[in-house]
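**Student:** Got a structure here, written out as structure tokens. Questions coming.
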Amino acid sequence: MRWLILEIRALRKSLERIEEWYEYTDKNVTNKGDLAGAQGQLFRLMHLLRKEMTRAGMR
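Per the working numbering: the sequence shown = residues 2 to 60.
Here you go:
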């Protein structure tokens with residue numbers, strides 16, 4: 002049981018780091034290439050991440 006709790010905490014921390022990376026990249030990188038845009042993969046990733054964090058009660 003303790004191992005499971007530690008794994009959940011590690012997963013949550015990873016999600017937070019991915020969100021921080023996305024926000025930094027979104028603000029500081031001007032040329033995001035093919036991944037950018039309103040329907041780009043980075044945009045979809047951020048929305049998926051936010052939805053999962055909300056579902057998990059992290060937001």
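Even for Gly, the Cβ is constructed at its ideal location relative to N, Cα and C.
To the nearest angstrom, how far is the alpha carbon of A11 from that of R18?
**Tutor:** Spanning the two alpha carbons is a distance of roughly 11 Å.
**Student:** Helix, strand or coil for N32 per DSSP?
**Tutor:** Coil.
**Student:** Please say whether M54 and R45 have beta carbons closer to each other than 8 Å?
**Tutor:** No, they are not a contact pair.
**Student:** In the DSSP assignment, find the alpha helix (DSSP H) that holds M47 and state where it starts and stops.
**Tutor:** First-last of the alpha helix (DSSP H) with M47: Q42 to R56.
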